[in-house]
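Q: If you count the sequence shown from 1, position 574 lands on 727 in my numbering, and the numbers rise without skipping.
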Amino acid sequence: MSTDPYEWLRPDTDESLAWQEQQDAAARSHVRGWDYFAQVRDQLAAGPAAPGAPDSLGTTTPRRLGGRWFRLAPASPERAALGLWVSTSSDEPGRLLVDPHAAGYLRDGEPAQLVWYEPTPDGTRVVFGVHHNGEMIGLLRVVDTATGRDLPIGSHRHMLTGAVPGWLPDGSGFYVCDRSETGRHQVWHVPVDPPGEIGVAVNVIAPAEFTTSPSGLTPQVSPGGRWVITLTGQHEQVASHLGDRRTGTWRSFPPKGYEGECHGVWYDENTYIAVVTGDAPRGRLVAIPAETSADMRTWRELVPESDAVLRCVTLAGKHLVLCEVTDAVAGFRLVTADGKPAERLTTPGLGSSPTAMVSRRFERSEEVTFSYTTFLDPLTPYRYDPERGEPVAIGAPRPGMDAMTVAQRFATSPDGTRVPYFVVHRADLDLDRPQPALINGYGGFNVAWLPRFLGNYAPFLRAGGVYVHAILRGGAEYGRTWYEDGRLSRKQNTFDDLYAIAEDLIDTGLSEPARLAFHGASHGGLLAGVALVQRPDLWRAMVAEVPLFDMLHPLTSDHPAPQAVRSVFLEDYGDPDEPGDAAIIRAYSPYHNIEPGTAYPALLQAFGEHDLGCQPFHGRLFTAKLAHASTSGHPILLRVWKGAGHAALDSAEVSDHAAEMLAFLMRELNMTPT
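#1: Is it buried or exposed for Asp568, if we count other Cβ within 10 angstroms and need 16 for buried?
#2: For Gly673, name the three-state secondary structure that DSSP assigns.
#3: Measuring CB to CB, does Ala697 end up less than 8 angstroms from Gln758?
#4: If you draw a straight line from the C-alpha of Phe515 to the C-alpha of Thr508, how long is it?
#5: Name the residue from Lys409, Gly639 and Tyr525 whose alpha carbon lies nearest to the alpha carbon of Phe606.
#6: Could you check if Lys778 is buried or exposed, using at least 16 other CB atoms within 10 Å of its CB as the buried criterion?
#7: Where do the ends of the beta strand (DSSP E) carrying Ile426 lie?
#8: Quick one: what does DSSP say Val474 is sitting in, helix, strand or coil?
#9: What's the gap between the Cα of Glu245 and the Cα of Val268?
#10: Just the Cα atoms here: how many angstroms apart are Arg278 and Gln373?
#11: Rounded to whole angstroms, what's the CA-CA distance from Gly417 to Thr383? Just pull it up for me.
#12: Distance check for Cys415 and Gly470, CA to CA, integer angstroms please.
#13: Below 8 angstroms between beta carbons: does that hold for Thr776 and Gln176?
#14: Which residue wins for smallest C-alpha separation from Val340, given the options Val296, Thr300 and Ser393?
#15: In the DSSP assignment, what are the bridge partners of Ile382?
#16: Can you tell me whether Glu821 is helix, strand or coil according to DSSP?
#17: Hey, how far is the Cα of His342 from the Cα of Asn356?
#18: At the level of alpha carbons, what is the spacing between Lys409 and Ala447?
#19: Within the same chain, show all residues whose beta-carbon is closer than 6 angstroms to that of Pro204, passing over the 5 residues directly before and after it, in chain order.
#20: Rounded to whole angstroms, what is the Cα-Cα separation between Gly236 and Tyr328?
#21: Secondary structure at His781, three-state DSSP: helix, strand or coil?
#22: Would Gly594 and Leu625 qualify as a contact pair, given that the criterion is a beta-carbon distance under 8 angstroms?
#23: Between which residues of its own chain and Glu422 is the CB-CB distance below 6 angstroms, once the five residues before and five after are set aside?
#24: Taking one C-beta from the segment 451 to 469 and one from the segment 639 to 653 each time, how about it: are there three or more such pairs within less than 8 angstroms?
#25: Relative to the alpha-carbon of Leu723, which residue among His771, Lys644 and Arg668 has its alpha-carbon at the smallest distance?
#26: Taking only three categories from DSSP, how would you classify Ala226?
#27: Runs of 3 residues minimum, wholly inside the segment 260 to 324: which ones carry the beta strand (DSSP E) assignment?
#28: Could you compute how far the alpha carbon of Leu225 sits from the alpha carbon of Gly608?
#29: Assuming the contact rule is C-beta atoms closer than 8 angstroms, Leu487 and Glu477 should be a hit. Round their C-beta distance to whole Å, please.
#30: Have a look at Glu520 and Ala782 and give me their C-alpha separation to the nearest angstrom.
#31: Determine the closest residue to Trp602 out of Leu259, Arg586 and Val621, with distance taken between C-alpha atoms.
#32: Output the distance between the C-alpha atoms of Leu370 and Val619, rounded to the nearest integer angstrom.
#33: Taking only the alpha-carbon atoms, compute the straight-line gap between Trp320 and Asp297 and give it to the nearest angstrom.
#34: Using C-beta distances below 8 angstroms, list every residue in its chain close to Ser169, excluding the 5 sequence neighbours before and after it, in chain order.
#35: Whole angstroms are fine: how far does the CA of Gly291 sit from the CA of Asp460?
#36: Report yes if the CB atom of Thr522 is closer than 8 angstroms to the CB atom of Arg248, and no otherwise.
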């Protein structure tokens, strides 16, 4: 029987939810009751990160298939929810193909949330996922591009894991993955009859090894339709299994026991071009014959490992486009089919692309398209023009932020590791005295936490704040070794890297503990909790969005998607049910390391009501225990957003969340918006 006096707050009971409602109301009142809250909110609403702006889920990279251009963009200027648009030109919005506000997509009066879509190779049909209220589990839908008519598919679930279906080359059907009630991966073949009627889905019998694959599986069908690869994702991507549609058999794609990543794109019917890290931590490019993929002796090297981290590859005609990361900055270059250098694509400033950060794949398109952003420039879509030999921006230029300066600096972690970070501030800011500074970081799950547009931090920067972008071990910025050095038994390195950056800011006089804050989301939210309990002396305020705090019990026993979410946690943290892992996890678990009588910094937590991965009970437990233990008198606030999941899927919600986060931090750091 538990002796924890706060255990009653773990299950979702009438009592615990009523307590949560009280805490949420108090947090909302505190944050929005600040004299300058409306000014911060209005600045965001009028600024470059306003709802519908490119960094706030307002625009996705256009894709060309069958002579048509597809993109996700707001359904209308008045409606922030994203719709699916189709046009004949990359520079025109075109026709709204899927309206999330249409009657067939509404649920309880709320519009659908479209996060991904996948057209057929000829662009005549599109499969996409429909979600509501931020829920992780949604339904597949298929639409006819010419008529906008929904094609019947039945009730087929889809989970937000980064996995998308893979169409057959002739559009006669697609493969899609989900999980059974016991958590086992299922790969379905969903046929589509020539008239456009979807047939009966057939479960493809897949190997038992699928049960150990984390996250989702993305099917990749070869150009001629014979082969199907299942690609794991998204934290560690491996072309795990190969299906032969002629024989109906499946086998492991790489050799049994292969460790490392192996992911890429079909070059032709029998050749898969892949980024591999099993013997090259920063990645090398190889050509793999489908027939002999399990024999590494038949793999042919195209591009050897280098100082740059190779993130992904796609086709540009018969050339290959590589996405690379060097010192936490993303770039693109072309090589020939045999790996010889062709040219480097020009990109503006110290920046990144979603392709390099998380997805590690180019969206399938007849033209190479990608998006790029810097700290000061919003996410801008580009297409590669082979005649000009360079990327060309799609659409009109979008306003960014001016009168700011960006610099890259390095700190030294306790074990001697060189840890990079970026500093962004007003060009006229006086750096001869400590300034309010906000560190943002992630450091987990093989995600490259690269520069991205700071539109949602604009009020903070204009008021004289210093934004600090931390590059921490556990991420992917320096390859597989950098990732391995910040996970499992070496997880403490991630936290030590953060403290090294904070101490460097203090030692160099850029800031001081009374003016230093941290903001992190998801794994970054855990980072905020750990930093708060391990080094409360470093911080004045913390914001933890969708965090985990009780690392020994990250999920409730009745969790509706246990295997899918649990398997992701195991990748980075280990298994809390295993004694060896549990001892390591407990040493940094925020909830278990709160010390009574400690002066803790101010804390704002934000959770999504429907988040399956980081459930609000973490906030209930942490709030109650921390408030009882802290002697500082600083606020300990718990915010639970209604109708939200692990992330806001509506650009207006993104703006609201940012306004509350900035208002809380600026108030605690004694800042006034200008």
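Glycine included, each C-beta is placed from N, C-alpha and C at the ideal position.
Computed from a predicted model, the values in this text were never measured in an experiment.
A: Put simply:
#1: exposed
#2: strand
#3: yes
#4: 6 angstroms
#5: Tyr525
#6: Buried, by the Cβ-count rule.
#7: Thr424 to Val429
#8: strand
#9: Spanning the alpha carbons of Glu245 and Val268 requires a straight line of approximately 21 angstroms.
#10: Cα to Cα, the separation comes out at about 17 angstroms.
#11: 11 angstroms
#12: Rounded to whole angstroms, the separation of the alpha carbons of Cys415 and Gly470 is 22 angstroms.
#13: yes
#14: Ser393
#15: Paired residues: Gln373 and Leu395.
#16: Three-state result, Glu821: helix.
#17: A direct Cα-Cα distance of roughly 6 angstroms separates His342 from Asn356.
#18: 7 angstroms
#19: Note that Pro204 scores 44 on pLDDT, short of 50, meaning its location in the model is unreliable and no value can be drawn from it.
#20: Cα to Cα, Gly236 sits roughly 24 angstroms from Tyr328.
#21: In the structure shown, His781 sits in a helix (DSSP, three-state: H, G or I).
#22: For Gly594 and Leu625, yes; Cβs fall inside 8 angstroms.
#23: Ser375, Pro376 and Gly377
#24: Contact between the segment 451 to 469 and the segment 639 to 653 is absent, with fewer than three C-beta pairs closer than 8 angstroms.
#25: The option with the nearest alpha carbon to Leu723 is Lys644.
#26: Under the three-state reduction of DSSP, Ala226 is assigned to strand.
#27: At a cut-off of 3 residues, the continuous stretches assigned as beta strand (DSSP E) that sit fully inside the segment 260 to 324 are 266 to 272, 278 to 284, 290 to 297 and 310 to 312.
#28: Leu225 and Gly608 have their C-alpha atoms some 20 angstroms from each other.
#29: About 12 angstroms; that fails the 8 angstroms criterion.
#30: 58 angstroms
#31: Val621
#32: 40 angstroms
#33: 14 angstroms
#34: Trp161, Leu162, Arg163, Phe770 and Arg773
#35: 41 angstroms
#36: no
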